[in-house]
Each structure stands twice: as C-alpha cells, then as structure tokens.
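Asker: I'd like to ask some things about the structure below.
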Amino acid sequence: MQEHGKKYNIAAKNRDIASNYQPRQALELVKKSAFAKFDETVEVAVRLGVDPRHADQVVRGTVVLPAGTGKSVRVLVIAVGDRAKEAQDAGADYVGAEYIQKIKDGWLDFDVLIATPDQMGQLGQLGRVLGPRGLMPNPKAGTVTFNVGNAVRETKAGKIEFRVDKAGNVHAPIGKVSFGVEALETNFTAFMDQIVRSKPAAAKGVYVKNVSVSSTMGPGVTIDSTLYRA
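Right, here's the structure in full:
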C-alpha cells in the first residue's frame, strides 16, 4: 500500500472518505486540500462501465472547457497555402509543412498538432514518434481538418481530448487550483456532460460507475455518480 507524506495526510482529513459529495462541494475541498508550492492541476477521474477491448465500447472525444485549462498550449499546424495563413491568423505558434522534417530531426516543442487531410500522408511516417506521445492528429479529435482556424482557436481556448484507458477509466485536467470554484464547476460540468453524451450504444448496465476529483498532489474526493445516471 502506498504511503503518503505528512502534508497529504493532513489534507486528506478535510474530506470524509465514505461520503459522496456534490460537484461544487468536492471542488471546494480540492482547493482547500491543495498544499503544493506550485499551481496544481485539478483533475477528474471517471470509472466507466465499458469494456475498451471491444471497439464499439471505446469512449473518446473532445470538449472545450468554458473557463480554459489554465495552461498555455503550443499549437503546431501542418498546412500550406491559404490554410497555413488561416492557422497563423488564428494564433498558431508554429505553421508549415517544413516542420515535418524538423520532427524527424527530433524537434517536439509543441503540445498539440493539427494537420490538413492532404498532409497526413507525410505525417503517417512519423507515427512511431508522435503516436506514443499522443501527438498524432486524429479526425475524431478534430485535429485533422481543413478548418484549421477554428481548430486552433478551440485548442487555445481550452479544448481537451479524452480517451478511456484499458481499465475503463478516463482522466482529464479541468483547470488549476488557482481557478475560482465557479470556473472549475463550469469546466467539470462541461466535461461530464460530454462523457454522458459519449456513451457507446453497446455499453450495458451502469455507465458512470465512479467520479472523483483531485489536485496534482492532493487526495481524491468522490462525487455522487448517481447524478450522471439516466
């Protein structure tokens, strides 16, 4: 069993481990319990009643967090011509097909990669580099598109991608401890709404089994999961 430090143990006393809290209460406890010297990320973890081994039960998608993520996102767009100019005008940090060679040479100083469909043939050869890092553009995530301007603006505004892991869990950042509780609650609600909308038709039984929130270093606080059951 994992042993925690003194600060964690003190923070853990703020919440009743046997209780299921309302979202706002839980987020207030997360803010109160944060003890690190840096601005911790507030994270949500959802355990889903799906079997990700079956393709028709894989839960993945994107959501734009209304209050943003609190993180500066470096966006690279692989596009040419008018699409490249559109990406630049929308605020992309790096734009151009020449970055494909730079990635081959080991450059990876970006957080999100957006590409137009006509450039994916060249990007395919970088799958071994981009795939394991979660950087390969994907149509389902909205990162393979001719509408690069909108994709850049959404990403900069707080768009995040989520995907269920092999154990049936989804983890996502919904802001920073420095955020007001209203901002965190707005982001949390937007995320959970999208999770519920993403329920696969093949999923049987209880879909949302468990929901908890925590800060990077702090203890988890359990939220009443019955709020997300039809």
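Each residue of the sequence shown is one higher than the one before, counting from 1450 in the working numbering. Glycine included, every Cβ here is placed at the ideal spot set by N, Cα and C. Nothing here was measured: the structure is a model prediction, and the numbers come from that model.
#1: Between Val1662 and Ala1485, how many whole angstroms is the CB-CB distance? I'm expecting something under 8 Å.
#2: Please report how far the alpha carbon of Asn1618 lies from the alpha carbon of Leu1572, in whole angstroms.
#3: Quick one: residues in its chain with C-beta nearer than 7 Å to the C-beta of Arg1496, no 5 flanking neighbours on either side, listed in chain order?
#4: Are the beta-carbon atoms belonging to Lys1608 and Arg1509 less than 8 Å from one another?
#5: Looking at C-beta atoms only, is the number of pairs between the region 1546-1562 and the region 1611-1631 that lie closer than 8 Å three or more?
#6: Out of curiosity, what's the CA-to-CA distance linking Glu1492 and Ala1606?
#7: Near Gly1576, which residues of its chain fall below 8 Å by C-beta distance, leaving aside the five closest residues on each side in sequence?
#8: Taking Gly1530 as the reference, which of Val1597, Val1630 and Pro1581 has the closest Cα?
#9: Are the Cβ atoms of Val1670 and Val1479 separated by less than 8 Å?
#10: Identify, in the order they occur along the chain, each residue of the same chain with its Cβ nearer than 6 Å to the Cβ of Glu1477, setting aside the five sequence neighbours on each side.
#11: By the three-class DSSP mapping on this structure, what secondary structure does Ser1521 have?
#12: Rounded to whole angstroms, what is the Cα-Cα separation between Met1666 and Thr1490?
#13: Could you tell me whether the Cβ of Ser1663 comes closer than 8 Å to any Cβ of chain C?
#14: Name the DSSP beta bridge partners of Lys1625, please?
#15: For Gly1573, does the three-state DSSP call read helix, strand or coil?
Answerer: Result, derived from the coordinates:
#1: Working through the sequence shown from its first residue, we reach residue 1662 at position 213. Working through the sequence shown from its first residue, we reach residue 1485 at position 36. Wrong, their Cβ atoms sit about 16 Å apart, outside the cutoff.
#2: Counted from its first residue, the sequence shown places residue 1618 at position 169. Counted from its first residue, the sequence shown places residue 1572 at position 123. Rounded to whole angstroms, Asn1618 to Leu1572 spans 29 Å at the Cα level.
#3: Taking the first residue of the sequence shown as position 1, residue 1496 is located at position 47. The residues are Gly1617, Asn1618, Lys1658 and Asn1659.
#4: Counting from 1 along the sequence shown, the entry for residue 1608 is found at position 159. Counting from 1 along the sequence shown, the entry for residue 1509 is found at position 60. Using a Cβ distance threshold of 8 Å, Lys1608 and Arg1509 do not count as a contacting pair.
#5: The region 1546-1562 vs the region 1611-1631: no contact.
#6: By 1-based counting over the sequence shown, the position of residue 1492 is 43. By 1-based counting over the sequence shown, the position of residue 1606 is 157. Put simply, the backbone Cα of Glu1492 is about 18 Å away from that of Ala1606.
#7: Residue mapping note: residue 1576 aligns to position 127 of the sequence shown, counting from 1. Correct list, in chain order: Met1585.
#8: For the purposes of this step, residue 1530 is taken as the residue at position 81 of the sequence shown. For Gly1530, the closest C-alpha among the options Val1597, Val1630 and Pro1581 is that of Val1597.
#9: The residue you call residue 1670 lines up with position 221 of the sequence shown. The residue you call residue 1479 lines up with position 30 of the sequence shown. In contact: Val1670 and Val1479 (Cβ atoms closer than 8 Å).
#10: As a first step, residue 1477 must be located in the sequence shown, where it is residue number 28. Val1630, listed in sequence order.
#11: Here the question's residue 1521 lines up with position 72 in the sequence shown. Residue state, collapsed to three classes: coil.
#12: One-based indexing of the sequence shown puts residue 1666 at position 217. One-based indexing of the sequence shown puts residue 1490 at position 41. Going from the Cα of Met1666 to the Cα of Thr1490 covers about 9 Å.
#13: In summary, chain C is missing from the structure at hand, where a single protein chain is found.
#14: By one-based count along the sequence shown, residue 1625 stands at place 176. Answer by DSSP bridge pairing, in chain order: Thr1490.
#15: As a working mapping, residue 1573 is identified with position 124 in the sequence shown. Helix.
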